[in-house]
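This report refers to the structure that appears directly beneath it.
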Amino acid sequence: MAGVNKCLKYSMFIFNFLFWVCGCVILGVSIWLRVSSDAQQKFNIEGSGVFTAIDVMIAVGAIIMVLGFFGCCGAIKESRCLLLLFFIGLFLILALQITAGILGVVYKPQLEAKINQTLFELVPLEDKPADLKQALDQIQEQSKCCGIVKGYQDWGSNIPKSCQCSISIDPDTCGGRYYKQTCSSVFVDYYKKHLVIIIGIAFGLAAVELFGLGFSMTLYCQIGKK
Numbered sequence: 758m759a760g761v762n763k764c765l766k767y768s769m770f771i772f773n774f775l776f777w778v779c780g781c782v783i784l785g786v787s788i789w790l791r792v793s794s795d796a797q798q799k800f801n802i803e804g805s806g807v808f809t810a811i812d813v814m815i816a817v818g819a820i821i822m823v824l825g826f827f828g829c830c831g832a833i834k835e836s837r838c839l840l841l842l843f844f845i846g847l848f849l850i851l852a853l854q855i856t857a858g859i860l861g862v863v864y865k866p867q868l869e870a871k872i873n874q875t876l877f878e879l880v881p882l883e884d885k886p887a888d889l890k891q892a893l894d895q896i897q898e899q900s901k902c903c904g905i906v907k908g909y910q911d912w913g914s915n916i917p918k919s920c921q922c923s924i925s926i927d928p929d930t931c932g933g934r935y936y937k938q939t940c941s942s943v944f945v946d947y948y949k950k951h952l953v954i955i956i957g958i959a960f961g962l963a964a965v966e967l968f969g970l971g972f973s974m975t976l977y978c979q980i981g982k983k
C-alpha cells in the first residue's frame with residue numbers, strides 16, 4: 758500500500774505552523790485595538806458596532822490558532838481525525854470570509870450612510886456627555902478638523918480651543934479662526950481605508966486557505982490508503 762508523501766506531510770506542517778502564527782497575529786492585533794486608547798477615542802464616536810467587529814476578530818484569531826494546532830498535529834501524527842477537523846473548520850471559516858467580503862462590498866454605501874447618520878445625530882455637540890466631547894476634542898486636535906456637520910457652529914457658544922487655527926498654517930485648512938474640515942469626513946475616510954484593508958486581507962487569506970484545504974484533504978486520503 759502507498760505510504761504518505763513526506764514532502765506533502767511536512768509542507769502541511771509548515772503551512773499550519775504559519776497558519777497558527779497568523780492566528781496569533783490576528784488575535785494580538787485585535788486585542789490591541791480593543792484596549793488601545795487611540796482606538797477607544799475613534800470607535801466610541803462611531804458607536805459600539807466597530808467594537809463588535811473587533812470582538813469577532815478576536816474570536817476568529819483564537820479559532821485559527823486552534824485549527825493551526827489541529828493541522829500541525831494531524832500532519833505530524835498522521836491523524837485522519839485531526840485533519841478532518843482541520844478541513845471542516847477551515848472550510849467554514851473560508852465560507853464565512855467570502856460571505857463577509859461580498860457583503861462588505863455590496864453594503865459599503867449603506868454602511869457609509871449609516872456612519873454619517875450616526876454622526877449627524879450627535880449635533881448639537883454642546884449638550885452631549887462630557888466624555889464624548891472630550892474624545893471629539895482630542896480627535897479635532899489630532900486631525901485638524903472641527904465639528905461634524907457645520908464645523909465650529911456644531912459647538913454652539915462653547916467652541917473648544919481644538920477648533921482654533923492660524924491662517925498662517927494653511928489657508929485651505931484654516932478658515933479664519935477655525936478649521937474648515939469637519940470631523941465627519943475624517944471618520945468616513947478612516948472607515949473607508951480600514952474597510953478596504955480588511956476586505957483585501959479576507960480575500961488574500963481565502964486564497965491561502967484554499968491551499969490548506971487541498972493539502973489537508975490530499976494528506977487525509979493518502980493516510981487512508983496506508
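So in my numbering, the last one in the sequence shown is 983, and the numbering has no gaps at all. Ideal Cβ placement from N, Cα and C applies to all residues, glycine included. Note that the structure is a prediction, hence the values are computed from the model and not measured.
When the Cα of residue i is compared with those of the options, which residue comes out closest?
{"i": "Ile872", "options": "Val906, Leu842 and Phe826", "result": "Val906"}
{"i": "Ile815", "options": "Cys830, Cys829, Gly828 and Ser787", "result": "Ser787"}
{"i": "Thr975", "options": "Pro881, Ala819, Thr939 and Ala832", "result": "Ala832"}
{"i": "Ala959", "options": "Gln891, Leu851, Gln921 and Trp777", "result": "Leu851"}
{"i": "Tyr936", "options": "Val953, Ile896 and Gly961", "result": "Ile896"}
{"i": "Ala857", "options": "Gly971, Leu962, Gln979 and Gly780", "result": "Leu962"}
{"i": "Ser898", "options": "Phe877, Cys922 and Leu879", "result": "What sits at residue 898 in the sequence shown is Glu, not Ser. When each option's Cα is compared against that of Glu898, the closest is Cys922."}
{"i": "Ala810", "options": "Tyr948, Lys763, Leu893 and Leu879", "result": "Tyr948"}
{"i": "Leu967", "options": "Phe844, Lys766 and Ile771", "result": "Phe844"}
{"i": "Phe877", "options": "Asn762, Val761, Trp912 and Gly971", "result": "Trp912"}
Can you tell me whether residue i is helix, strand or coil according to DSSP?
{"i": "Cys940", "result": "helix"}
{"i": "Cys931", "result": "strand"}
{"i": "Gly904", "result": "coil"}
{"i": "Asp884", "result": "coil"}
{"i": "Leu879", "result": "coil"}
{"i": "Tyr767", "result": "helix"}
{"i": "Glu835", "result": "coil"}
{"i": "Lys865", "result": "helix"}
{"i": "Ser914", "result": "coil"}
Measuring straight from C-alpha to C-alpha, what distance separates residue i and residue j?
{"i": "Gly804", "j": "Leu889", "result": "Reliability fails at Gly804, whose pLDDT of 49 lies under 50, so the model's placement of it is uncertain and no value is given."}
{"i": "Asp812", "j": "Val792", "result": "11 Å"}
{"i": "Gly933", "j": "Cys902", "result": "13 Å"}
{"i": "Leu860", "j": "Ala870", "result": "15 Å"}
{"i": "Asn773", "j": "Asp946", "result": "36 Å"}
{"i": "Ser768", "j": "Gly969", "result": "10 Å"}
{"i": "Lys950", "j": "Ile956", "result": "10 Å"}
{"i": "Phe827", "j": "Leu842", "result": "7 Å"}
{"i": "Ile802", "j": "Gln874", "result": "Confidence is the limiting factor: at Ile802 the pLDDT is only 48, short of 50, which leaves the residue's position unreliable, though a coordinate-based value still follows. Spanning the two alpha carbons is a distance of roughly 12 Å."}
{"i": "Gly904", "j": "Ala964", "result": "42 Å"}
{"i": "Gln910", "j": "Gln891", "result": "17 Å"}
{"i": "Gly938", "j": "Lys865", "result": "The sequence shown places Gln at residue 938, not Gly. Going by the C-alpha atoms only, they are around 23 Å apart."}
{"i": "Cys781", "j": "Ala819", "result": "7 Å"}
{"i": "Phe770", "j": "Pro886", "result": "53 Å"}
{"i": "Met758", "j": "Leu849", "result": "Model confidence at Met758 stands at a pLDDT of 44, short of 50, so the residue's coordinates are unreliable; what they give is reported in the following sentence. Met758 and Leu849: Cα-Cα distance of roughly 32 Å."}
{"i": "Gly908", "j": "Leu775", "result": "48 Å"}
Based on DSSP bridge pairs, tell me the residues matched to residue i.
{"i": "Leu899", "result": "Here residue 899 is Gln; the residue named in the question, Leu, does not match the sequence. For Gln899, which the question treats as bridged, DSSP gives no partner whatsoever."}
{"i": "Gln921", "result": "Tyr935"}
If residue i sits next to residue j, beta carbons under 8 Å apart, how far is it from one beta carbon to the other, in whole angstroms?
{"i": "Leu840", "j": "Ser973", "result": "5 Å"}
{"i": "Leu847", "j": "Leu882", "result": "About 47 Å separates the two Cβ atoms, so there is no contact after all."}
{"i": "Ser989", "j": "Cys830", "result": "Missing from the structure shown is residue 989; the chain here goes from 758 to 983 and no further."}
{"i": "Ser900", "j": "Val943", "result": "5 Å"}
{"i": "Met822", "j": "Trp777", "result": "6 Å"}
{"i": "Val817", "j": "Ile783", "result": "6 Å"}
{"i": "Asp894", "j": "Pro917", "result": "5 Å"}
How about residue i: is its C-beta nearer than 7 Å to some C-beta of chain D?
{"i": "Gln910", "result": "The displayed structure is made up of one protein chain only, and chain D is not part of it."}
Please find out if some non-hydrogen atom of the ligand ATP comes closer than 6 Å to the beta-carbon of residue i.
{"i": "Glu869", "result": "As for the ligand ATP, it is missing from this structure, which has no ligand bound."}
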